[in-house]
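Enquirer: I am attaching a structure below and will ask some questions about it afterwards.
Number of protein chains: 4
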Amino acid sequence: MSKLELNKKQKRDSLLESAFSLFTSKGINNTSISDIVKQSGVAKGTFYLYFKDKYDIRNMLIARKASQLFSKADDALMKSGISNIFDEIIFLVDNIINQFCENKSLLAFISKNLSWGIFKTSLINPSDDSEVYFYNIYSRLINREDVNFVDPEIMLFMIIELVSSTCYSAILYSEPVGIAELKPYLFDNIKSIIKRHLV
Amino acid sequence: MSKLELNKKQKRDSLLESAFSLFTSKGINNTSISDIVKQSGVAKGTFYLYFKDKYDIRNMLIARKASQLFSKADDALMKSGISNIFDEIIFLVDNIINQFCENKSLLAFISKNLSWGIFKTSLINPSDDSEVYFYNIYSRLINREDVNFVDPEIMLFMIIELVSSTCYSAILYSEPVGIAELKPYLFDNIKSIIKRHLV
Amino acid sequence: MSKLELNKKQKRDSLLESAFSLFTSKGINNTSISDIVKQSGVAKGTFYLYFKDKYDIRNMLIARKASQLFSKADDALMKSGISNIFDEIIFLVDNIINQFCENKSLLAFISKNLSWGIFKTSLINPSDDSEVYFYNIYSRLINREDVNFVDPEIMLFMIIELVSSTCYSAILYSEPVGIAELKPYLFDNIKSIIKRHLV
Amino acid sequence: MSKLELNKKQKRDSLLESAFSLFTSKGINNTSISDIVKQSGVAKGTFYLYFKDKYDIRNMLIARKASQLFSKADDALMKSGISNIFDEIIFLVDNIINQFCENKSLLAFISKNLSWGIFKTSLINPSDDSEVYFYNIYSRLINREDVNFVDPEIMLFMIIELVSSTCYSAILYSEPVGIAELKPYLFDNIKSIIKRHLV
DNA sequence: TATGAATGAGGGTTCATTCAT
DNA sequence: CATGAATGAACCCTCATTCAT
Chain P
1 MSKLELNKKQ KRDSLLESAF SLFTSKGINN TSISDIVKQS GVAKGTFYLY FKDKYDIRNM
61 LIARKASQLF SKADDALMKS GISNIFDEII FLVDNIINQF CENKSLLAFI SKNLSWGIFK
121 TSLINPSDDS EVYFYNIYSR LINREDVNFV DPEIMLFMII ELVSSTCYSA ILYSEPVGIA
181 ELKPYLFDNI KSIIKRHLV
Chain X
1001 MSKLELNKKQ KRDSLLESAF SLFTSKGINN TSISDIVKQS GVAKGTFYLY FKDKYDIRNM
1061 LIARKASQLF SKADDALMKS GISNIFDEII FLVDNIINQF CENKSLLAFI SKNLSWGIFK
1121 TSLINPSDDS EVYFYNIYSR LINREDVNFV DPEIMLFMII ELVSSTCYSA ILYSEPVGIA
1181 ELKPYLFDNI KSIIKRHLV
Chain D
2001 MSKLELNKKQ KRDSLLESAF SLFTSKGINN TSISDIVKQS GVAKGTFYLY FKDKYDIRNM
2061 LIARKASQLF SKADDALMKS GISNIFDEII FLVDNIINQF CENKSLLAFI SKNLSWGIFK
2121 TSLINPSDDS EVYFYNIYSR LINREDVNFV DPEIMLFMII ELVSSTCYSA ILYSEPVGIA
2181 ELKPYLFDNI KSIIKRHLV
Chain A
3001 MSKLELNKKQ KRDSLLESAF SLFTSKGINN TSISDIVKQS GVAKGTFYLY FKDKYDIRNM
3061 LIARKASQLF SKADDALMKS GISNIFDEII FLVDNIINQF CENKSLLAFI SKNLSWGIFK
3121 TSLINPSDDS EVYFYNIYSR LINREDVNFV DPEIMLFMII ELVSSTCYSA ILYSEPVGIA
3181 ELKPYLFDNI KSIIKRHLV
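These protein sequences, in sequence, are chains P, X, D and A. Position 77 of the first sequence, counting from 1, maps to 77 under this note's numbering, and the rest follow consecutively. Position 168 of the second sequence, counting from 1, maps to 1168 under this note's numbering, and the rest follow consecutively. Position 12 of the third sequence, counting from 1, maps to 2012 under this note's numbering, and the rest follow consecutively. Position 108 of the fourth sequence, counting from 1, maps to 3108 under this note's numbering, and the rest follow consecutively.
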């Protein structure tokens, strides 16, 4: 990669990270392009060399952050030696929930913005290294040798939606209960979902 | 109610309905106070006599629309003669899903904005007739003579979160599948959740 | 007219006159809405209460200024006692040319922007008192008792186009000659045009 | 001409033609340097190696396009065998009008921008082959053996201004009438102008 | 109570121009 | 000669909010 291209990648990354920190701290609606470039230390016009508008950079961020989240969880899973399908999924969910607990603004951002559409777009058209990993994790979970799922995509969809929406309320507002109290019920439900999709 | 008070209530209702139609058709971010008052046929200053700002009227609307949704479903339930707890909840969910199918912008509005916090606020502090009704439905479901739930609030919470988040994607974008294909899995999962909370 | 309405008319007039002085001194392209409101002493948003954009105010100005130009010339004609059709038209043209000589920026503005379309729109839909006068002058010239014109509209069109385009170059740049030197030829040509349209 | 010089001429021509197509289709105000270089397939900086700014390239274009227009008309005239001065001028005007009818955006461009100043600059300082040709046509019309004109430059000036301003309205907007209906009057007036300048 | 004219900060976006490569 | 990434001033326009009527 030439020096110029490296420079460009750094600018893009800097804009992405500035946008993320602002989106998560002040919310997307209250973040202006001005804010983002100011935090990045680049000129306003530069933003438009890399992104179409605020929503373009948001979409890039969701895919990127969700991928990193899963990659991290998957790394831990690899080290754990777990091989049972139920345990694997619960492990991943638990790890992700813990990441959320430590980074509540990430939770707010992902929960409010992750849609299954962006999810799949990112799988099919990875725009970043982390998103390539993401694809590998996904396909490894789905195409296992030991088990056959009925409609595995629907299964994952339901688990992800259930986890993200309940955690949002439990972790951020302890509503109706805190995450610790919620977990047993949540994990039981996830197991039920998996069971439902086993042949 | 005096004629003046009636007039005031009509103005407030008119503002609420105008805001709802604009929020659902153009989105909250793209709706201005100007738009709302123009559609309502009242002056700009008048808005501030009834609501603090755009987000104030939005919160009022969520509670109001969610209550109406549940009330309608409950009316149908009453006429159905169903008394089994599983069937009752599935019936309610199914009815609400059907309402969503017929009114997709309502789904988008409720899904993106309904939080358990507003939900409970509305239960505890009803600001409208429909919300009082709402409370009755809720307590009738929870405090039944025939069954005892463990943590009934968590159960309802999970069901509501699961339904609203999966329906959002399935009904509006047919992602990962359409609502018809999703329903069997969804209902099975709801039954599992209920079962889990029965003593 | 209420005090409020009077105030509004004054604001509108002030904006029109500010825009005119800026358009004529700096050109339309180099005049921003900011410039106009600054000169008018009103807030930026106020501009948009009265005009759609820069081109809206420009069109209003052309009609207004052209009407005032003709009205002034016609007033002088009334006082002159001239009744011969050739002499009347030459008198009007001469008077307008002299107005242009004294107000070159007005000439630049009118010449570059007056189109027959705006001309007729202003005749049909006067948006101002001066434009009503304008209509009267026009119809009095066309519908005379003493003479009958063939295609009087085409005749006026040609005279106006010839005068405005040649004066632009002659008065502003003395190209190919100054206005004094041009006049004899111009007036002869106008007479030829009139003659051509007499039955 | 060396290969390098040829390459440079091609770049310049390419920029000129791109600018022309954009100016005529979108208008000068809505055309940016970015647009021009994009259409030309050269880098932004390259533009500034050949032209000072947008208005520089516009002036080059007017002279170039006006010259081409006259050259084409003159070619046709040469082939026609016409030798009478009235007929020659009418022939040229008619030919140019017909060119305008077939290329309305050219008409809009020329009419709005051709000034007698640029006209003469182009005559005196031709910046291009076509402009040299242009000069020949001009002097051949003026310095004839068979006739002597009084102030031939004023004569041509008036004809050109009258034709370009009336055609603009008639061809582009059919105001006050279409070009076909206008032509008889226009030609009569041109003949009057010529007659006026014959000794 | 109700009005709606007025505000002006601040939003998104464009673009001519420069300059290191 | 040619490039095109970067700049940042300047643009247009919106809008929540106020306040005299």
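The beta carbon of each residue, even a glycine, is placed where N, CA and C say it ideally should be. In this text, all values refer to a predicted model and were calculated from it rather than measured experimentally.
At a Cβ threshold of 8 Å, is A:I3171 touching chain D?
Expert: Output row for A:I3171: interface = no.
Enquirer: Can you tell me where the alpha helix (DSSP H) holding A:T3046 begins and where it ends?
Expert: Taken as a continuous stretch (DSSP letters only), the alpha helix (DSSP H) holding A:T3046 covers K3044 to Y3050.
Enquirer: Do you know whose CA, among P:K11, P:I57 and P:V147, lies nearest P:T31's CA?
Expert: Per the Cα distances, P:I57.
Enquirer: Please go through the segment 2033-2090 of chain D and give each complete alpha helix (DSSP H) segment of 4 or more residues, from N-terminal end onward.
Expert: Counting whole runs of 4 or more residues, the segment 2033-2090 of chain D contains the alpha helix (DSSP H) stretches 2033-2040, 2044-2050 and 2054-2080.
Enquirer: So what does DSSP say about X:L1114, is it helix, strand or coil?
Expert: Note: X:L1114 maps to coil in three-state DSSP.
Enquirer: Within the same chain, show all residues whose beta-carbon is closer than 7 Å to that of D:F2187, passing over the 5 residues directly before and after it, in chain order.
Expert: So the list reads I2090, once near-sequence residues are dropped.
Enquirer: Rounded C-beta distance between P:S67 and P:F134? I'm assuming under 8 Å.
Expert: About 4 Å separates the two Cβ atoms, so the contact holds.
Enquirer: Count the other CB atoms within 10 Å of the CB of A:S3018; is the residue buried (16 or more) or exposed (fewer)?
Expert: A:S3018 is buried by the Cβ-count criterion.
Enquirer: List in chain order: all unbroken alpha helix (DSSP H) runs of 4+ residues lying wholly within the segment 1150-1193 of chain X.
Expert: Complete alpha helix (DSSP H) runs here, min 4: 1152-1173.
Enquirer: Which chain P residues sit within Cβ distance under 8 Å of X:R997?
Expert: An answer regarding residue 997 of chain X cannot be provided, because it is not within the stretch 1001 to 1199 covered by chain X.
Enquirer: Which term fits D:S2139, buried or exposed, when burial requires 16 or more other beta carbons within 10 angstroms of its beta carbon?
Expert: Counting Cβ neighbours within 10 Å, D:S2139 comes out exposed, since fewer than 16 surround it.
Enquirer: Do the CB positions of D:I2028 and D:K2044 come within less than 8 Å of each other?
Expert: Taking 8 Å as the Cβ cut-off, D:I2028 and D:K2044 do not qualify as a contacting pair.
Enquirer: If the cut-off is 9 Å on Cβ atoms, which residues from the segment 3111-3123 of chain A count as contacting chain D, listed in chain order?
Expert: So the list reads K3112, S3115, W3116, G3117, F3119 and K3120, given in the order they occur along the chain.
Enquirer: What does a CB cutoff of less than 8 Å around D:I2137 pick up in its chain, not counting 5 residues either side in sequence?
Expert: The residues are F2070, S2071 and D2074.
Enquirer: From P:V132, P:A108, P:N148 and P:E131, pick the residue whose C-alpha is nearest to that of P:S169; which is it?
Expert: For the residues P:V132, P:A108, P:N148 and P:E131, the minimum Cα distance to P:S169 belongs to P:A108.
Enquirer: So, is X:P1176 buried or exposed, given that buried needs 16 or more other C-beta atoms within 10 angstroms?
Expert: Classification of X:P1176: buried, given that the 10 Å Cβ count is 16 or more.
Enquirer: Could one say the Cβ of P:P176 lies closer than 8 Å to chain X's Cβ atoms, at least one of them?
Expert: It does; some Cβ of chain X falls within 8 Å.
Enquirer: Does the beta-carbon of P:N7 have 16 or more other beta-carbons within 10 angstroms, so that it is buried, or is it exposed?
Expert: With fewer than 16 Cβ atoms within 10 Å of its Cβ, P:N7 is classed as exposed.
Enquirer: Using C-beta distances below 7 Å, list every residue in its chain close to P:F86, excluding the 5 sequence neighbours before and after it, in chain order.
Expert: Excluding sequence neighbours, P:F86 sits near K191 and I194.
Enquirer: Using 8 Å as the threshold, is the C-beta distance between P:L77 and P:L92 below it?
Expert: Yes; because the gap between Cβ atoms is below 8 Å, this pair is in contact.
Enquirer: When the Cα atoms are used, what is the spatial distance from D:S2165 to D:I2110?
Expert: Computed Cα separation, rounded: 10 Å.
Enquirer: For D:N2240, go through chain A and note every residue whose CB falls closer than 8 Å to its CB, in chain order.
Expert: Here chain D has residues from 2001 to 2199 only, and residue 2240 of chain D is not among them.
Enquirer: How many angstroms separate the CA atom of A:I3097 from the CA atom of A:F3119?
Expert: For A:I3097 and A:F3119, the distance between alpha carbons rounds to 18 Å.
Enquirer: Does any residue of chain A have a CB that is nearer than 8 Å to the CB of D:M2078?
Expert: It does not: the Cβ of D:M2078 has no partner Cβ on chain A nearer than 8 Å.
Enquirer: Give a yes or no on whether the C-beta atoms belonging to X:N1189 and P:R144 are separated by under 8 Å.
Expert: Not in contact: X:N1189 and P:R144 (Cβ atoms no closer than 8 Å).
Enquirer: Suppose you measure from the CA of D:W2116 to the CA of D:G2041; what does that come to, to the nearest Å?
Expert: So the two alpha carbons sit approximately 34 Å from each other.
Enquirer: Give me, in chain order, the residues of the same chain whose beta-carbon lies closer than 8 Å to that of P:M155; leave out the 5 immediate sequence neighbours on both sides.
Expert: Cβ within range, chain order: F149, I193, I194, R196 and H197.
Enquirer: Span of the alpha helix (DSSP H) holding P:R12?
Expert: Where P:R12 is concerned, the enclosing alpha helix (DSSP H) stretches over K3 to K26.
Enquirer: Going by CA-CA distance only, name the one from D:K2054, D:R2064, D:I2159 and D:L2172 that's closest to D:N2103.
Expert: Ranking the options by Cα distance to D:N2103, first place goes to D:L2172.
Enquirer: Assuming D:L2198 is part of the alpha helix (DSSP H), what are its boundary residues?
Expert: Neither: D:L2198 is in no alpha helix (DSSP H) and is coded neither H nor E.
Enquirer: For X:F1047, which residues in the same chain have their Cβ closer than 6 Å to its Cβ, ignoring the five residues on either side in sequence?
Expert: Correct list, in chain order: I1033 and V1037.
Enquirer: Select from the segment 2012-2024 of chain D all residues with a C-beta closer than 8 Å to any C-beta belonging to chain A, and list them in chain order.
Expert: Hits within the stretch: zero.
Enquirer: For the segment 125-155 of chain P, list every residue whose C-beta sits within 7 Å of some C-beta in chain X, in sequence order.
Expert: Residues E153 and I154.
Enquirer: Could you check where the alpha helix (DSSP H) with X:N1136 kicks off and where it finishes?
Expert: Note, X:N1136: alpha helix (DSSP H), D1129 to I1142.
Enquirer: Where does A:A3063 land, buried or exposed, given buried means 16+ other C-beta within 10 angstroms?
Expert: Buried, since its Cβ has 16 or more Cβ neighbours within 10 Å.
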